[in-house]
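Protein chains in written order, with my numbering: chain A, 1 to 149; chain B, 1001 to 1149. Glycine included, each C-beta is placed from N, C-alpha and C at the ideal position.
Protein chains: 2
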Amino acid sequence: MAVKPKLRLDAFLPYRLSVASNAVSDRIAETYRRRFGLKVAEWRLLAILAEHERLIPAALGAITRMDKISVSRAAAALIGRELVAREQHPGDGRSHYLALSAGGRALYDEIAPAALAAEAELFGQFTLEERRLLDTMLRRIEAAVTSDD
Amino acid sequence: MAVKPKLRLDAFLPYRLSVASNAVSDRIAETYRRRFGLKVAEWRLLAILAEHERLIPAALGAITRMDKISVSRAAAALIGRELVAREQHPGDGRSHYLALSAGGRALYDEIAPAALAAEAELFGQFTLEERRLLDTMLRRIEAAVTSDD
DNA sequence: TGGAACTGGTTACAATTGAAACTACCGAGG
DNA sequence: CCTCGGTAGTTTCAATTGTAACCAGTTCCA
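What follows is the structure, given as structure tokens:
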């Protein structure tokens, strides 16, 4: 007869994942907020725009897995602080490009080391090998969720 | 000269962790909500109370890592549906015990297999060994965050 | 024993977030 | 062309969440 697997919340992987992730997010969000006045969503757009020259909001959403409302709001906040600029989209009048301003680039250059330092503090206990493994596992989990929905 | 580590959001572990965790949480939360009308916080209290006979709200908070307001609200919802009952606390008049009612137990018995099935669907691709490794890594991350704050 | 400081839990209000409707625009088919 | 279905992004309104104040009740110590 099959063993009936018993549920224990403490050993329930979705729970463990959530607790660990929230702990990390809270900690890092606090850094962004206190030191730079940015929310996580805003920081993500900044980071992606730093890697991409210019993008339309939909592309930002696809890359960061944020829904379009969140992108819209985060972008509005960044534009309000003149960290990001809007540019006309030549091909499609409904959309527009977003790109870092000089100030946005400067802020990013300041945050990036802080972000890497925070990561190092939290994940420094892991070997490079372990980090790679964790990265791979997290991507596999993501794939499992998004595959069939 | 040292290599200057460059930040790429896609490879940034806190980001990967957050994306994976949110994907899993969203998926599972949807199950609880649609099928049982429970929010994640309520489900957590239910699960812990199923393992513990009776607990005071503060203990529930400590175990589930929820703050006392969330515990209070989730408990109120469960009591409203008569899934959980309040019992007097003999020693301290400010507090009280919470315990599953018969209905709460019955609902839990129904949800537990669904939760395990959801876990199996998302993490079934991992070997037992890998799951143990993931669990350990997540606990190490948690410890790193909570150690020095 | 009688405050003063503290703790557990709840409540009230503000800020954040999410869902649905809306506006402006595009693009295909008649 | 010109309408109709669809898409990009924004706005509005409601629900959720977080923060701060609050009310017992308890503890400590004069």
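**Study point:** Contact with chain B by A:Asp67, beta-carbon distance below 8 Å
**Key:** Mapped onto the first sequence, residue 67 of chain A falls at position 67. Interface annotation, A:Asp67: not in contact with chain B, CB-CB separation never under 8 Å.
Check your understanding: Is it the case that the Cβ atoms of B:Arg1035 and B:Ala1117 are separated by a distance below 8 Å?
Key -> Position 35 of the second sequence holds residue 1035 of chain B. Position 117 of the second sequence holds residue 1117 of chain B. Result no, Cβ atoms of B:Arg1035 and B:Ala1117 do not sit closer than 8 Å.
**Study point:** Through-space distance from A:Trp43 to B:Thr1127, alpha-carbon basis
**Key:** As a working mapping, residue 1127 of chain B is identified with position 127 in the second sequence. As a working mapping, residue 43 of chain A is identified with position 43 in the first sequence. For B:Thr1127 and A:Trp43, the distance between alpha carbons rounds to 35 Å.
Check your understanding: According to DSSP, is B:Arg1016 helix, strand or coil?
Key -> Stepping through the second sequence from its first residue, residue 1016 of chain B is reached at position 16. For B:Arg1016, the secondary structure class from DSSP, reduced to helix, strand or coil, is helix.
Review point. Closer than 7 Å, Cβ to any Cβ of chain B: which residues of the region 54–85 of chain A, in chain order?
Key: For chain B, the residues of the region 54–85 of chain A that bring a beta carbon within less than 7 Å of one of its beta carbons are Arg65, in chain order.
Check your understanding: Is any beta-carbon of chain B found at less than 8 Å from that of A:Ser147?
Key -> In the first sequence, counting from the first residue as 1, residue 147 of chain A sits at position 147. Taking Cβ atoms only, chain B never reaches closer than 8 Å to A:Ser147, which makes this a no.
Point to revise | As assigned by DSSP and simplified to three states, the class of A:Leu38 | key: For the purposes of this step, residue 38 of chain A is taken as residue 38 along the first sequence, with counting starting at 1. In this structure, A:Leu38 counts as coil in the three-state DSSP scheme.
Review point. Thinking C-beta only, is B:Val1084 closer than 8 Å to B:Leu1049?
Key: Within the second sequence, residue 1049 of chain B is the residue found at index 49, counting from 1. Within the second sequence, residue 1084 of chain B is the residue found at index 84, counting from 1. Contact: yes.
**Study point:** Where the alpha helix (DSSP H) through B:Ala1062 begins and ends
**Key:** The residue you call residue 1062 of chain B lines up with position 62 of the second sequence. Element bounds for B:Ala1062: 1057–1064.
Check your understanding: Taking any Cβ of chain A, which residues in the region 1102–1120 of chain B have a Cβ under 7 Å from it, in chain order?
Key -> For the region 1102–1120 of chain B, the set of residues with a beta-carbon nearer than 7 Å to any beta-carbon of chain A comprises Ala1112, Ala1115, Leu1116, Glu1119, in chain order.
Review point. For A:Ala143, is the classification buried or exposed, using 16 other Cβ atoms within 10 angstroms of its Cβ as the cut-off for buried?
Key: On the first sequence, position 143 is the one that residue 143 of chain A refers to. Exposed.
Review point. If you measure from the beta carbon of B:Ala1041 to each beta carbon in chain A, is any gap under 8 Å?
Key: Here residue 1041 of chain B corresponds to residue number 41 of the second sequence, with the count starting at 1. Not one beta carbon of chain A lies nearer than 8 Å to the beta carbon of B:Ala1041.
Check your understanding: Do B:Leu1060 and B:Leu1107 have their C-beta atoms closer together than 8 Å?
Key -> For the purposes of this step, residue 1060 of chain B is taken as residue 60 along the second sequence, with counting starting at 1. For the purposes of this step, residue 1107 of chain B is taken as residue 107 along the second sequence, with counting starting at 1. Contact flag unset, no.
Check your understanding: Is the CB of B:Glu1142 under 8 Å away from at least one CB in chain A?
Key -> In the second sequence, counting from the first residue as 1, residue 1142 of chain B sits at position 142. For B:Glu1142, the nearest beta carbon of chain A is closer than 8 Å to its own beta carbon.
**Study point:** Coil, strand or helix - A:Arg44 by DSSP
**Key:** Residue numbering aside, residue 44 of chain A sits at position 44 when the first sequence is read from its first letter. DSSP places A:Arg44 in helix when its eight states are reduced to three.
Exercise for review: Output the boundary residues of the beta strand (DSSP E) element that contains B:Glu1082.
Suggested key: Taking the second sequence and counting its residues from 1, the one referred to as residue 1082 of chain B is at position 82. It is not in any beta strand (DSSP E) - B:Glu1082 carries neither H nor E in the DSSP assignment.
Practice item. Pull up the distance between the alpha-carbon of B:Leu1138 and that of A:Leu46, whole angstroms please. Key: In the second sequence, residue 1138 of chain B corresponds to position 138, counting from 1. In the first sequence, residue 46 of chain A corresponds to position 46, counting from 1. Rounded to whole angstroms, B:Leu1138 to A:Leu46 spans 28 Å at the Cα level.
Review point. What do you get for B:Gly1104, buried or exposed, if any count of 16 or more other CB atoms within 10 angstroms of its CB means buried?
Key: Along the second sequence, one-based indexing puts residue 1104 of chain B at 104. With 16 or more Cβ atoms within 10 Å of its Cβ, B:Gly1104 is classed as buried.
**Study point:** Own chain, CB closer than 7 Å to B:Ile955, minus 5 neighbours either side, in chain order
**Key:** Since the first residue of chain B shown is 1001 and the last is 1149, residue 955 of chain B is not available in this structure.
Practice item. Output, in chain order, the set of chain B residues within a Cβ distance shorter than 7 Å of A:Ser18. Key: Translated into the one-based positions of the first sequence, residue 18 of chain A becomes position 18. Under a criterion of Cβ atoms nearer than 7 Å, the residues of chain B adjacent to A:Ser18 are, in order, Ser1021, Ser1025.
Check your understanding: What does B:Thr1011 reach in chain A if we use C-beta pairs closer than 8 Å?
Key -> Start at 1 with the first residue of the second sequence, and residue 1011 of chain B comes out as number 11. The residue asked about is misnamed: residue 1011 of chain B is Ala in this sequence, not Thr. The answer, in chain order, is Asp135.
Review point. Hey, A:Ala29 and A:Val40: beta-carbon distance below 8 Å or not?
Key: As a working mapping, residue 29 of chain A is identified with position 29 in the first sequence. As a working mapping, residue 40 of chain A is identified with position 40 in the first sequence. Less than 8 Å divides the Cβ of A:Ala29 from the Cβ of A:Val40.
Practice item. Helix, strand or coil for B:His1089, going by three-state DSSP, please let me know. Key: Start at 1 with the first residue of the second sequence, and residue 1089 of chain B comes out as number 89. In the structure shown, B:His1089 sits in coil (DSSP, three-state: anything other than H, G, I, E or B).
Review point. Relative to the alpha-carbon of B:Phe1123, which residue among A:Glu110, A:Ser147, A:Ala102, A:Pro57 has its alpha-carbon at the smallest distance?
Key: The residue labelled residue 1123 of chain B in the question sits at position 123 within the second sequence. It is A:Ser147 whose Cα lies nearest to the Cα of B:Phe1123.
Check your understanding: Start and end of the alpha helix (DSSP H) containing A:Ala118?
Key -> As a working note, residue 118 of chain A is residue 118 in the first sequence. Unbroken alpha helix (DSSP H) run through A:Ala118: 102–123.
**Study point:** Listed by chain order, chain B residues near A:Arg35 by CB distance under 8 Å
**Key:** As a first step, residue 35 of chain A must be located in the first sequence, where it is residue number 35. Among the residues of chain B, none has a CB under 8 Å from the CB of A:Arg35; the nearest is roughly 15 Å distant.
Review point. What do you get for A:Ser21, buried or exposed, if any count of 16 or more other CB atoms within 10 angstroms of its CB means buried?
Key: Numbered from 1 along the first sequence, position 21 holds the residue referred to as residue 21 of chain A. With 16 or more Cβ atoms within 10 Å of its Cβ, A:Ser21 is classed as buried.
Review point. With a Cβ-Cβ cutoff of 8 Å, do B:Leu1134 and A:Asp135 count as a contact?
Key: Here residue 1134 of chain B refers to the residue found at position 134 of the second sequence. Here residue 135 of chain A refers to the residue found at position 135 of the first sequence. Result no, Cβ atoms of B:Leu1134 and A:Asp135 do not sit closer than 8 Å.
Point to revise | 7 Å CB neighbourhood of B:Glu1082 in its chain, flanking five on each side removed | key: Within the second sequence, numbered from 1, the residue matching residue 1082 of chain B stands at position 82. Ser1101, Gly1103.
Review point. Is B:Arg1016 buried or exposed, if buried means 16 or more other CB atoms sit within 10 Å of its CB?
Key: For the purposes of this step, residue 1016 of chain B is identified with residue 16 of the second sequence, where counting begins at 1. Answer is buried; the Cβ neighbour count reaches 16.
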